[in-house]
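Here the sequence shown stands for residues 161 to 734, numbered as in my numbering. The beta carbon of each residue, even a glycine, is placed where N, CA and C say it ideally should be. The structure under discussion appears below in the form of structure tokens.
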Amino acid sequence: MARKSPEQLRSHRWFGESDMRGFGHHSRIAQMGYSRADYQGKPVIAIVNTWSDINQCHAHFRQRADEVRRGVLQAGGFPLEMPALALAEVFQKPTTMMYRNLLAMETEELLRSYPVDGCVLMGGCDKTTPAMLMGALSMNLPAIFMPAGPMLAGHWRDQILGSGSDVWKYWAEKRAGNLTDEQWRGIEEGIARSPGTCMTMGTASTMTSAAEAMGFTLPGASSIPAADSRHGRMAAETGRRIVDMVWEDVKPRDIATAGAIDNAITTILALGGSTNSVVHMVAVARRAGIPLTIDRFDELSRRTPLVANLRPAGRYLMEDFFYAGGLRALLAGIADLLALSERTVNGRTLGENIAGAEVFNGDVILPRERALVAKDSLAVLRGNLAPNGAVIKPAAAEPHLLRHTGPAVVFADYNDMAARIDDPALPATKDSVIVLQNAGPLGAPGMPEWGQLPIPKKLLAEGVRDMVRISDARMSGTSYGACVLHVAPESFVGGPLAFVRDGDLIELDVPARRLELKVSEDELARRRAAWTKPAPRFARGFGAMYQQHITQADQGCDFDFLEGTAPTPDPEIH
Ligand code: FES
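Right, dumping it as structure tokens:
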């Protein structure tokens, strides 16, 4: 393999000259205590770190950045840590999704505007993974992803607790009057015990696993718990590897081919991964110039078994998954469904990276013949209620609801829902279809994870634990239920969801992939004509840019001007 010469390094444009222009760069690096021997002729590696005091899942990233730095130095590179927007799920409002593209832009422009030859992307908390991959794909400099790793399993009394999933479960019990305040606080204190991302198969582990299957991490990296000493060693190894990737000029778009994207989607389906990944993978693929549509998820789901027995679809947590062999072992079991010759960041193929991986616990990583579901773990629906598509995770729903027709109970927005959902007079039965409008990319704004709409309290008391629920929102990957999500176009822009009224019959037929509003075309046309477009949410700032350029869920919710691979010139060095 041809290797770059030091003069071919991008950073050479900053540091290769001793003229007036170079003076500023050399003298200011010297200001930080570095001499020329520290950096000259060496690849400059940006350690793009999404650590922040507010990001609980990345609390270990200061130490990990040092471990990455150690690896870079050992391999003869020059590491520079560059902080980037933290996107802390739970704390950031209205939703981290609103800021995913901002981190993508920041990642891309950090790499472009500074003397960087390659980068380590440190992320993991939900949106950080797709955001950083999107930015790195657009910049297309050698990049390797270092996943934050899942946190340790939660505990309360003799119960094992899973992030998110058990919150919803116990909250329903609390609302039904089955838990005391003290018990609720015990759950609160026991559910998140260490640094690291949610340890159910939520969006974080879905996307870090997808990044690994796509070829962007060292083999096995995404399954290692954040608190495990192997995680620190993986960080140092990641630092060592990126230096060689620069010399070998292995770039993100060499990795993210159509075959690699299919590998990522197949992996997500085999894991029972988060529905959020549908939006993220479309955006990631399009940054690589691959015209992925949501229908590819449906196509691949028809042949992919769900073999990871992980919550919310299954029983175990990411720590168990790691001890059972982790992602490599899972992928080895479905190798016939993968494009094994796809190249990965370590210079080997996916097939080489998973060869010989063993399953050590067949109840966590199931054999194909005992798959949780044989196929269709995720489905894309269409119909007059979702002309551009909607998504459901049938594996997380009560089976009897997958073919269901019922009358709508409609909420105009989140506040309306919060005010009325527990009203004893709400005209809802277990057969009703709960509808939430104005919860999409523009309407909410930011397409929050509201999609697991609450079951009305009076029905909870009757023992109802699942109902058909429909919205243009997303749903946390840790959630479950017969929730139809990502309805496109969204109601805020005049999608048909905006025209649903109380009592309208809605038909959900997952086997037929259908979502129909049983209202005549004439009546729908009348309602459309009477509809007024809501006022824009923002008059200035990032929100104004967001609302002008955000695409709909089926298009990946990227900014329209960031999609594709049209070249952006490198800056002039003056
Ligand atoms: Fe960070 Fe769930 S809150 S991954």
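Buried or exposed (CB count within 10 angstroms, at least 16 for buried), residue i
i	result
Thr340	exposed
Ser461	buried
Met306	buried
Lys253	exposed
Asn575	exposed
Thr692	exposed
Gly606	buried
Asn338	exposed
Asp662	exposed
Gln191	exposed
Pro290	buried
His734	exposed
Glu348	exposed
Ala534	exposed
Gly665	This sequence places Leu at residue 665; Gly is not what is there. Classification of Leu665: exposed, given that the 10 Å Cβ count is below 16.
Phe698	exposed
Lys678	exposed
Gly147	A query on residue 147 cannot be resolved here, the shown segment of the chain reaching from 161 to 734 and no further.
Val356	Checking the sequence shown, residue 356 turns out to be Gly, not Val. Its Cβ being crowded by 16 or more others within 10 Å, Gly356 is buried.
Gly701	exposed
Pro203	buried
Thr728	exposed
Met161	exposed
Simplified DSSP assignment, three categories, for residue i
i	result
Gly724	coil
Asp404	helix
Ala695	coil
Arg700	coil
Pro239	strand
Ser470	Just to set this straight, residue 470 is Leu in the shown sequence, not Ser. Strand at Leu470.
Thr357	strand
Arg163	coil
Arg661	coil
Ile415	helix
Pro310	strand
Leu460	helix
His743	As displayed, the chain neither begins before 161 nor continues past 734, which places residue 743 out of reach and without an answer.
Ile351	coil
His734	coil
Phe376	coil
Gln708	helix
Leu684	helix
Leu561	helix
Val644	strand
Asp226	helix
Glu667	strand
Leu421	Correcting the residue identity first, residue 421 is Ile in this sequence and not Leu. Here Ile421 sits in helix by DSSP.
Glu676	strand
The ligand FAD heavy atom lying under 7 Å from the CB of residue i
i	result
Leu271	As presented, the structure is devoid of the ligand FAD, carrying the ligand FES as its sole ligands.
Segments assigned alpha helix (DSSP H), at least 4 residues, entirely inside the region 472-554: Taken in chain order, the complete alpha helix (DSSP H) segments of 4 or more residues contained in the region 472-554 are 478-483, 486-493 and 510-514.
Any 3 or more C-beta pairs closer than 8 Å across the region 507-525 and the region 482-489: Output reads yes: the region 482-489 touches the region 507-525.
Every unbroken beta strand (DSSP E) within the region 567-633, with a cutoff of 3 residues, ordered by chain: Look at the region 567-633 and you find these whole runs of beta strand (DSSP E), each 3 residues long or longer: 593-596 and 628-631.
Start-end ranges of the alpha helix (DSSP H) lying completely within the region 423-458, minimum 4 residues: Unbroken alpha helix (DSSP H) runs of no fewer than 4 residues, entirely contained in the region 423-458, are found at 436-447, following chain order.
Uninterrupted alpha helix (DSSP H) stretches inside the region 166-220 (no shorter than 4 residues): Fully enclosed alpha helix (DSSP H) runs of no fewer than 4 residues occupy 172-175, 180-191 and 196-199 of the region 166-220, in order along the chain.
Quiz: which residues have CB nearer than 6 Å to the ligand FES non-hydrogen atoms: Listed along the chain, these residues meet the criterion: Cys217, Glu249, Val250, Cys285, Asp286, Ser323, Thr357, Cys358, Gly362 and Ala364.
The region 412-426 in contact with the region 293-309 per 3-pair CB rule at 8 Å: Using a C-beta cut-off of 8 Å, the region 412-426 makes contact with the region 293-309, since at least three inter-stretch Cβ pairs fall below that distance.
Cβ pair count under 8 Å reaching 3, the region 399-406 against the region 232-241: Yes, the region 399-406 touches the region 232-241.
Within the region 233-307, ranges of the beta strand (DSSP E) (whole runs, at least 3 residues): Fully enclosed beta strand (DSSP E) runs of 3 or longer: 238-243, 278-283 and 303-307.
Contact between the region 280-288 and the region 199-210 (3+ Cβ pairs under 8 Å): Yes: at least three Cβ pairs fall under 8 Å.
Inter-stretch contact at 8 Å, needing at least 3 Cβ pairs: the region 640-658 / the region 431-441: Cβ pair count under 8 Å is three or more, so yes.
Any 3 or more C-beta pairs closer than 8 Å across the region 583-594 and the region 607-627: The answer is yes - the region 607-627 touches the region 583-594, with three or more Cβ pairs under 8 Å.
Touching by the beta-carbon criterion (3+ pairs, under 8 Å), the region 214-234 and the region 248-264: Yes: at least three Cβ pairs fall under 8 Å.
Stretch-stretch touch, CB-based, cutoff 8 Å, three pairs: the region 508-520 with the region 370-387: In this structure the region 508-520 lies against the region 370-387, because at least three pairs of beta carbons, one per stretch, are closer than 8 Å.
The region 628-639 contacting the region 315-325, beta-carbon criterion three pairs below 8 Å: The answer is yes - the region 315-325 touches the region 628-639, with three or more Cβ pairs under 8 Å.
Cβ contact (3+ pairs, closer than 8 Å) linking the region 443-452 and the region 561-573: Fewer than three pairs of CB atoms, one per stretch, sit closer than 8 Å, so the region 443-452 makes no contact with the region 561-573.
Sufficient close CB pairs (3 or more, under 8 Å) joining the region 414-425 to the region 385-399: Short answer: they don't touch.
Contact between the region 308-316 and the region 265-273 (3+ Cβ pairs under 8 Å): Not touching, per the Cβ criterion.
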